[in-house]
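Student: Numbered according to this note's numbering, the sequence shown spans residues 42 to 344.
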Amino acid sequence: MGAVDGSDVGLGDVGGVGGVDDPGDAGGVLVASDLDRTLIYSERALALDGPDRLAPRLLCVEVLDGRPLSFLTERAAALLAELGRRARFVPATTRTVEQYRRVNLPGPQPTYAICANGGQLLVDGEPDRDWRREITARIAADAAPLDEVVSRLALSADPEWTRKRRVADEQFAYLVVDRDRLPAGWLPELTGWCAERGWRVSLQGRKVYAVPRPLTKSAALAEAVRRSGAGTVLAAGDSLLDADLLLAADAGWRPGHGELADGGWTAPGVTALAEVGVAAGEEIVRRFLAVVTAAPVGAVVAG
42 MGAVDGSDVG LGDVGGVGGV DDPGDAGGVL VASDLDRTLI YSERALALDG
92 PDRLAPRLLC VEVLDGRPLS FLTERAAALL AELGRRARFV PATTRTVEQY
142 RRVNLPGPQP TYAICANGGQ LLVDGEPDRD WRREITARIA ADAAPLDEVV
192 SRLALSADPE WTRKRRVADE QFAYLVVDRD RLPAGWLPEL TGWCAERGWR
242 VSLQGRKVYA VPRPLTKSAA LAEAVRRSGA GTVLAAGDSL LDADLLLAAD
292 AGWRPGHGEL ADGGWTAPGV TALAEVGVAA GEEIVRRFLA VVTAAPVGAV
342 VAG
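#1: Start and end of the beta strand (DSSP E) containing residue 276?
#2: Which one of 261, 84, 88 and 74 has the shortest CA to CA distance from residue 298?
#3: Can you tell me where the alpha helix (DSSP H) holding residue 260 begins and where it ends?
#4: On the DSSP letters alone, give me the boundaries of the alpha helix (DSSP H) that residue 229 sits inside.
#5: Can you grab the Cα-Cα spacing for the pair residue 109 / residue 320, in whole Å?
#6: To the nearest angstrom, how far is it from the Cα of residue 276 to the Cα of residue 79?
#7: Counting only runs that start and end within the region 106 to 155, where is the beta strand (DSSP E) found for 3 or more residues in a row?
#8: Which residue wins for smallest C-alpha separation from residue 174, given the options 121, 101, 256 and 221?
#9: What residue from 199, 207, 209 and 212 has the CA that sits closest to residue 228's CA?
#10: Does the distance from the C-beta atom of residue 130 to that of residue 208 stay below 7 angstroms?
#11: Rounded to a whole number of angstroms, what is the C-alpha to C-alpha distance between residue 191 and residue 281?
#12: Per DSSP, which residues does residue 291 bridge with? Please list them.
#13: Taking just the CA atoms, how far does residue 315 sit from residue 62?
#14: At the level of alpha carbons, what is the spacing between residue 323 and residue 334?
#15: Return the chain-ordered list of same chain residues with a C-beta closer than 7 angstroms to the C-beta of residue 165, the five sequence neighbours on each side being excluded.
#16: Answer with buried or exposed for residue 159, where buried requires no fewer than 16 other C-beta atoms within 10 angstroms of its C-beta.
#17: Assign residue 307 to buried or exposed, taking buried as 16 or more other Cβ atoms, counted over all protein chains shown, within 10 Å of its Cβ.
#18: In this structure, how does DSSP classify residue 221 when only helix, strand and coil are distinguished?
#19: Note down the Cα distance separating residue 274 from residue 293, rounded to an integer number of angstroms.
#20: Residues in its own chain within less than 6 angstroms of residue 122 by CB, not counting five upstream and five downstream?
#21: Using only alpha-carbon positions, find the residue among 107, 102, 135 and 133 that is nearest to residue 119.
#22: Does DSSP classify residue 196 as helix, strand or coil?
#23: Using the rule of at least 16 other Cβ atoms within 10 Å of the residue's Cβ for burial, across every protein chain shown, is residue 264 buried or exposed?
#24: On the three-state DSSP scale, how would you describe residue 188?
#25: Mapping DSSP to helix, strand and coil, what is residue 90?
#26: Quick one: give me the first and last residue of the beta strand (DSSP E) that residue 203 is part of.
Printed below as a string of structure tokens:
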């Protein structure tokens, strides 16, 4: 693979540069990215550790109950809007459809969006029924029933360190926990138990996810690629639930924080960035845009 360093790409650099004129053209570039702690960040995840006077200007992109919830830098917002005009941008999130709809990203509305870790494929903002039937059948064939896993979580999650228990999209479950109080060995034990039943476990911030193995972002991504005819796929993500998304792409990036970084995870074609927090989100969009604007359609480059 060639190399592109997107660090010097700005809005002034993209006008008039070759790339993807029509994101819908067959053979174009599709960019799939996780949202939380990859592109957008809660207040606790911003990682603004430098002098206050040097902190970047932030744009709020999510409000919950009248309170600002998620942010990206203003620079990242401008770059993301430009990316959406030059490539087919596909958000790929573990959020439910309802949670995803709270996010107001800059740029054109995506034609496709992946929600519920691949359990929902939104087309022009609406869930696609054909995809829902397909993924539901795959889960039923290859994973233990949701009720069995929910019961296990209820029995093993001590109220002393469990804040919430939730079922999402009728397909997977998660706990909100006091991470510092998780008993030693509890997570590996749960992971092993779930693996025997065709489920995966992921710890992201304060949330412990239990997800059926067929329920993946990469499966929904493959469907979006099939429908769009994209020739090149780029991706970004920070958690174990994003690993398959990164592996399915021609080139990918992960931030310097998160589950994948903590475990030292890497793969051919995946670049581990040094940046953490909201600065990583900006750098990821910069890298995406560098590829889209500088590389011939169909070429694959990673920075």
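We treat Cβ as the ideally placed atom computed from N, Cα and C, and that holds for glycine.
Tutor: With the structure as the only source:
#1: Indexing the sequence shown from 1 puts residue 276 at position 235. Element bounds for residue 276: 273 to 277.
#2: As a position in the sequence shown, residue 298 is number 257, starting the count at 1. Closest in alpha carbon position to residue 298, among 261, 84, 88 and 74, is 88.
#3: Along the sequence shown, one-based indexing puts residue 260 at 219. Run containing residue 260: 258 to 269, per the alpha helix (DSSP H) assignment.
#4: As a working mapping, residue 229 is identified with position 188 in the sequence shown. Run containing residue 229: 227 to 236, per the alpha helix (DSSP H) assignment.
#5: By 1-based counting over the sequence shown, the position of residue 109 is 68. By 1-based counting over the sequence shown, the position of residue 320 is 279. In a straight line, the C-alpha of residue 109 is about 19 angstroms away from that of residue 320.
#6: If you number the sequence shown from 1, residue 276 lands on position 235. If you number the sequence shown from 1, residue 79 lands on position 38. A straight-line Cα-Cα distance of about 11 angstroms links residue 276 and residue 79.
#7: Scanning the region 106 to 155 from its first residue to its last, the whole beta strand (DSSP E) runs of 3-plus residues come out as 108 to 114 and 129 to 132.
#8: On the sequence shown, position 133 is the one that residue 174 refers to. Closest option to residue 174, judged by alpha-carbon separation, among 121, 101, 256 and 221: 256.
#9: On the sequence shown, residue 228 is found 187 positions in, with the first residue counted as 1. If we check each option's Cα against that of residue 228, 199 comes out closest.
#10: For the purposes of this step, residue 130 is taken as the residue at position 89 of the sequence shown. For the purposes of this step, residue 208 is taken as the residue at position 167 of the sequence shown. Cβ atoms of residue 130 and residue 208: not closer than 7 angstroms.
#11: Start at 1 with the first residue of the sequence shown, and residue 191 comes out as number 150. Start at 1 with the first residue of the sequence shown, and residue 281 comes out as number 240. Using only the alpha carbons, I get a separation of about 20 angstroms.
#12: Indexing the sequence shown from 1 puts residue 291 at position 250. The partner list for residue 291 (beta bridge, DSSP) is empty, contrary to what the question assumes.
#13: Counted from its first residue, the sequence shown places residue 62 at position 21. Counted from its first residue, the sequence shown places residue 315 at position 274. For residue 62, the predicted structure reports a pLDDT of 37, less than 50, and the residue's modelled location is therefore unreliable. The matter cannot be settled from this model.
#14: Working through the sequence shown from its first residue, we reach residue 323 at position 282. Working through the sequence shown from its first residue, we reach residue 334 at position 293. Going from the Cα of residue 323 to the Cα of residue 334 covers about 16 angstroms.
#15: The count along the sequence shown starts at 1 and reaches residue 165 at position 124. Contacts found: 152.
#16: Walking along the sequence shown from the start, residue 159 turns up at place 118. The residue is buried, with at least 16 neighbouring Cβ atoms inside 10 Å.
#17: The sequence position of residue 307 within the sequence shown is 266, counting from 1. Per the 10 Å Cβ criterion, exposed.
#18: For the purposes of this step, residue 221 is taken as the residue at position 180 of the sequence shown. The DSSP-derived three-state label of residue 221 is helix.
#19: Reading the sequence shown from its first residue, position 233 is the one you call residue 274. Reading the sequence shown from its first residue, position 252 is the one you call residue 293. Each residue's alpha carbon lies about 9 angstroms from the other.
#20: For the purposes of this step, residue 122 is taken as residue 81 along the sequence shown, with counting starting at 1. Contacts found: 147 and 148.
#21: As a first step, residue 119 must be located in the sequence shown, where it is residue number 78. Distances from the CA of residue 119 to each of 107, 102, 135 and 133 were compared; the closest alpha carbon is that of 102.
#22: Translated into positions along the sequence shown, residue 196 becomes position 155. Here DSSP, grouped into helix, strand and coil, assigns residue 196 to helix.
#23: Residue numbering aside, residue 264 sits at position 223 when the sequence shown is read from its first letter. With at least 16 other beta carbons inside 10 angstroms of its own, residue 264 counts as buried.
#24: Taking the first residue of the sequence shown as position 1, residue 188 is located at position 147. Note: residue 188 maps to helix in three-state DSSP.
#25: Position 49 of the sequence shown, counted from the first residue, corresponds to residue 90. Assignment of residue 90 by DSSP, reduced to helix, strand and coil, places it in the coil class.
#26: The residue you call residue 203 lines up with position 162 of the sequence shown. For residue 203, the uninterrupted beta strand (DSSP E) segment begins and ends at 203 to 209.
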